[in-house]
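Residue numbers for the sequence shown follow the UniProt record's numbering, beginning at 1 and rising by one. Built from N, CA and C at the ideal position, the CB exists for glycine as well. For reference, the structure discussed in these notes is given below.
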Amino acid sequence: MAGPGQHSTSQPSLRERKQARTRQALIEAAVELFERQGYDETTVAEIAAAAEIGTRTFFGYFAGKEDILFPDSDARSRATIAAIADRDPAEGPVDVLLRALDTIAESDADMVSPMAAVRMRLFHTVPAVRGKALQVQLAAQREIARELHKAFPGELDQVTAAALAGALTGAVSGALDVLLGEQGAEHADPAQLQAQVRQATERALRPWRQAAGE
1 MAGPGQHSTS QPSLRERKQA RTRQALIEAA VELFERQGYD ETTVAEIAAA AEIGTRTFFG
61 YFAGKEDILF PDSDARSRAT IAAIADRDPA EGPVDVLLRA LDTIAESDAD MVSPMAAVRM
121 RLFHTVPAVR GKALQVQLAA QREIARELHK AFPGELDQVT AAALAGALTG AVSGALDVLL
181 GEQGAEHADP AQLQAQVRQA TERALRPWRQ AAGE
């Protein structure tokens, strides 16, 4: 047990580490198959076989092919909501959202990973993937908007909070669309991509900061 002033440093169990390895193997297998033979031509059974697990086990990790393309979307939403909940009293809404983006950049490589580049290409060519992406983004926007309104009721009514959440997700998505659509994006430096996304998002949210006097 950790004593006063100490933090618990419990490590993932053997089972948790094995599950994380299996999950990552599925993601990598899916990326390779989608790139080599196409999204529609790839089956769940083929992804499972490439990761050396059974099809039933696949569904213990992901609900379907579309979901494997968005492995960490919930984690990004949770990180943003945590940043809102843990805000400093002096922080305004835009400051909080940019801090959340910095936290995500430090802990979540998926946003600018080779998988992200594949996901962006499939977004433009596969209706099922485009539909899933929009569903994920809208769900995140609604959750972030709800928390922004709760955290800043004097500054953001429900409509304005929703607009700010949309500005955030739209700025990030728009920047990634261009950056990940470039030739060789899957081999680009993740840190550089993250920095470009951060800079573009900060510029996009600048009018909100000015309007709020942040």
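Going straight from the alpha carbon of residue i to that of residue j, what length do you get?
i	j	result
V178	L101	18 Å
Q6	V44	The pLDDT assigned to Q6 is 45, lower than 50, so where the model puts this residue is not dependable; a value taken from the coordinates is nonetheless given after this. Taking the straight line from one Cα to the other gives about 45 Å.
F34	K65	10 Å
I27	R78	21 Å
A117	E202	22 Å
A191	A105	8 Å
T169	Q37	31 Å
Q158	D67	29 Å
P71	S107	14 Å
Q194	E91	22 Å
T42	Q24	18 Å
Return the first residue and the last residue of the alpha helix (DSSP H) that residue i is part of.
i	result
M120	P114 to T125
G166	Q158 to L180
Q37	L14 to Q37
P93	P93 to S107
T80	S73 to A85
A50	V44 to A50
E66	K65 to I68
F58	T55 to F58
By Cβ distance below 6 Å, which residues in the same chain neighbour residue i in space, the five residues on each side in sequence not counted?
i	result
I144	T80 and A165
A126	Going by the sequence as given, residue 126 is Val instead of Ala. Cβ neighbours of V126 beyond the five flanking positions: Y39.
V94	L205, W208, R209 and E214
Note down, in chain order, each residue of its chain lying with its Cβ closer than 8 Å to the Cβ of residue i, except the 5 sequence neighbours on either side.
i	result
T22	A51, I53, T57 and Y61
R142	A162 and A165
L98	R198, T201, E202 and L205
Return the chain-ordered list of same chain residues with a C-beta closer than 7 Å to the C-beta of residue i, the five sequence neighbours on each side being excluded.
i	result
residue 215	It is not possible to answer for residue 215, since the shown part of the chain is limited to 1 through 214.
A29	I47, A50 and A51
A31	Before going on, a small fix: residue 31 reads as Val here, not Ala. Excluding residues within five positions, the ones whose Cβ falls inside 7 Å are P114, M115 and V118.
V96	A83, I84 and R87
Contact criterion: CB-CB distance below 9 Å. Does residue i meet it with respect to chain C?
i	result
I104	The displayed structure is made up of one protein chain only, and chain C is not part of it.
Does any heavy atom of the ligand MN sit closer than 8 Å to the C-beta of residue i?
i	result
L148	The ligand MN is not among the ligands present in this structure, which contains no ligands whatsoever.
- Message: Whether or not the region 41 to 60 and the region 111 to 121 are in contact is what I'm after, with contact meaning three or more pairs of Cβ atoms, one per stretch, closer than 8 Å; do they touch?
- Response: no
- Task: Evaluate the contact criterion for the region 132 to 142 versus the region 66 to 77: three or more CB pairs, one atom per stretch, below 8 Å.
- Result: yes
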